[in-house]
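Participant:
The structure is reproduced here in structure tokens:
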């Protein structure tokens with residue numbers, strides 16, 4: 043089963059999401075966390091760090107595992123997502139490649155109202171991460 047590692051940069055009660063390019067075959071034009079495939083011989087933490095450097099130009103410095111979930115759909119198309127909460131990083135988030143068209147900080151209300159998340163199960167986890175950071179229930 044393919045694995046995806048994602049990093050949730052959390053700052054002042056918001057989380058950074060990236061809008062996937064319309065040219066992406068899976069979930070085009072949807073908001074998601076920066077991240078990507080875990081490569082052979084790599085663990086999910088290493089993949090998350092590599093992907094954040096490659097996609098948004100930041101180097102995670104302090105993080106913790108937030109959870110994992112499997113995509114919904116056909117078993118042969120199933121993917122496991124590993125999500126890490128990034129509390130400290132070096133660099134300023136910016137688009138480095140053409141995988142995304144926009145970066146934006148989302149608060150809890152914006153996430154709860156955003157129907158275009160990729161994968162769809164991400165919303166609940168993001169709400170929990172922001173609630174944990176702000177001390178307010180989701």
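In the working numbering, the protein residues as written are 43 to 180.
We treat Cβ as the ideally placed atom computed from N, Cα and C, and that holds for glycine.
On a predicted model such as this, the values are computed, not experimentally measured, just so you know.
For residue 144, write down the residues that DSSP places opposite it in a beta bridge.
Facilitator: 61, per the DSSP bridge assignment.
Participant: List the DSSP bridge partners of residue 126.
Facilitator: According to DSSP, residue 126 bridges with 49 and 107.
Participant: Mapping DSSP to helix, strand and coil, what is residue 78?
Facilitator: Of the three classes helix, strand and coil, the one that applies to residue 78 here is strand, per DSSP.
Participant: Candidates 48, 43, 167 and 164: which alpha carbon is nearest residue 105's?
Facilitator: That would be 48, whose Cα lies nearest to the Cα of residue 105.
Participant: According to DSSP, which residues form a beta bridge with residue 101?
Facilitator: Answer is 132, bridged to residue 101.
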